[in-house]
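A short worksheet on the structure shown next.
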Amino acid sequence: GDSVTQMEGPVTLSEEAFLTINCTYTATGYPSLFWYVQYPGEGLQLLLKATKADDKGSNKGFEATYRKETTSFHLEKGSVQVSDSAVYFCALSEVTGNQFYFGTGTSLTVIP
Amino acid sequence: DTAVSQTPKYLVTQMGNDKSIKCEQNLGHDTMYWYKQDSKKFLKIMFSYNNKELIINETVPNRFSPKSPDKAHLNLHINSLELGDSAVYFCASSQFDRNTEAFFGQGTRLTVV
Chain A
-10 GDSVTQMEGP VTLSEEAFLT INCTYTATGY PSLFWYVQYP GEGLQLLLKA TKADDKGSNK
50 GFEATYRKET TSFHLEKGSV QVSDSAVYFC ALSEVTGNQF YFGTGTSLTV IP
Chain B
1100 DTAVSQTPKY LVTQMGNDKS IKCEQNLGHD TMYWYKQDSK KFLKIMFSYN NKELIINETV
1160 PNRFSPKSPD KAHLNLHINS LELGDSAVYF CASSQFDRNT EAFFGQGTRL TVV
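Here the protein sequences line up with chains A and B, keeping their order. Quick note on numbering: the numbering used here labels position 39 of the first sequence as 28, and the sequence is numbered without any gaps. Quick note on numbering: the numbering used here labels position 1 of the second sequence as 1100, and the sequence is numbered without any gaps.
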């Protein structure tokens, strides 16, 4: 069945450091891939998405590229800020069935 | 306008009580979900409804009963609450078969004492 494996946290970085959070997936078809962010006390918000191989999703300085050959969708940001402290979830959905599969979440803390 | 709204945001109740959480979406989506998030932030799908019909029903105690009066609403009723039910419950919606993202509500933090 479909699944998402996400880099475990917690991750602590200094402000302006480079961020990578690894995400790999298993899917039977051609899924869409997502990164969601959850700030403390809030719901999940879509950060970025990619719907087909080689697509790059980007938002707020974050980027992730849909790599079919390595079944990966790693999240990157060149220079993190304190305000990026949150939990990040990688997810996928298939066209049919429309169930969303989430990774376990990675907690990021950025210190000044 | 809030796209997916759920009420209440906080719910504190005693063991054995029955409680409901309501969810409404104004996005015109035809699919709605309930997720449970535990203290380690792990998200577990509980139920999914498409056009008011149940399409996903994961292994959840039958004390949990979802009800979808129409496509825009999906409520969660919980009977005989137990300590282990304490968690954050999220409602979400999406458009079936469009491969698009799900939109989440703000969550309901349920504490059973």
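Just so you know, even glycine gets a beta-carbon here, dropped at the ideal spot from N, CA and C.
Can you name, in chain order, every residue of its own chain whose Cβ lies under 7 Å from the Cβ of residue i, other than the five neighbours on each side?
{"i": "residue 75 (chain A)", "result": "26, 27, 28 and 97"}
{"i": "residue 1170 (chain B)", "result": "1129, 1150 and 1151"}
Whole angstroms is fine: what's the gap from residue i's alpha carbon to residue j's?
{"i": "residue 34 (chain A)", "j": "residue 1199 (chain B)", "result": "13 Å"}
{"i": "residue 1135 (chain B)", "j": "residue -5 (chain A)", "result": "19 Å"}
{"i": "residue 1184 (chain B)", "j": "residue 1191 (chain B)", "result": "19 Å"}
{"i": "residue 101 (chain A)", "j": "residue 5 (chain A)", "result": "9 Å"}
{"i": "residue 62 (chain A)", "j": "residue -2 (chain A)", "result": "17 Å"}
{"i": "residue 38 (chain A)", "j": "residue 91 (chain A)", "result": "13 Å"}
{"i": "residue 1146 (chain B)", "j": "residue 1158 (chain B)", "result": "9 Å"}
Please list, in chain order, all residues of the same chain as residue i whose beta carbon is under 6 Å from its beta carbon, the five residues on each side excluded.
{"i": "residue 1213 (chain B)", "result": "Outside the shown range of chain B, which is 1100 to 1212, sits residue 1213 (chain B), and nothing can be said about it."}
{"i": "residue 1148 (chain B)", "result": "1131, 1167 and 1173"}
{"i": "residue 89 (chain A)", "result": "80 and 82"}
{"i": "residue 66 (chain A)", "result": "8, 50 and 51"}
Tell me, which residues are paired with residue i by DSSP?
{"i": "residue 46 (chain A)", "result": "A:53"}
{"i": "residue 1154 (chain B)", "result": "Answer is none; residue 1154 (chain B) lacks a bridge partner."}
{"i": "residue 1176 (chain B)", "result": "B:1119 and B:1164"}
Starting from the C-beta of residue i, find all residues in its chain whose C-beta is less than 8 Å away, skip the five residues before and the five after it, and write them out in chain order.
{"i": "residue 1115 (chain B)", "result": "1179 and 1180"}
{"i": "residue 1202 (chain B)", "result": "1102, 1103, 1124, 1126, 1128, 1191, 1192 and 1193"}
Let me check understanding here. Comparing Cα to Cα, which of the options lies closest to residue i?
{"i": "residue 1209 (chain B)", "options": "B:1111, B:1161, B:1101 and B:1201", "result": "B:1111"}
{"i": "residue 1113 (chain B)", "options": "B:1158, B:1104 and B:1182", "result": "B:1182"}
{"i": "residue -7 (chain A)", "options": "A:21, A:12, A:64 and A:31", "result": "A:12"}
{"i": "residue 57 (chain A)", "options": "A:44, A:69, A:68 and A:71", "result": "A:44"}
{"i": "residue 55 (chain A)", "options": "A:71, A:73, A:19 and A:95", "result": "A:19"}
Practice task
Could you please tell me which residues of the segment 21 to 45 of chain A, in chain order, have their CB closer than 7 Å to any CB of chain E?
Solution key: In the structure shown, chain E does not exist; the protein chains are A and B.
Practice task
Any chance you could list the beta strand (DSSP E) runs of at least 3 consecutive residues sitting entirely within the segment 1123 to 1169 of chain B, in chain order?
Solution key: Counting only runs of 3+ residues, the beta strand (DSSP E) found wholly inside the segment 1123 to 1169 of chain B occupies 1130 to 1136, 1142 to 1149, 1152 to 1156 and 1163 to 1169, in chain order.
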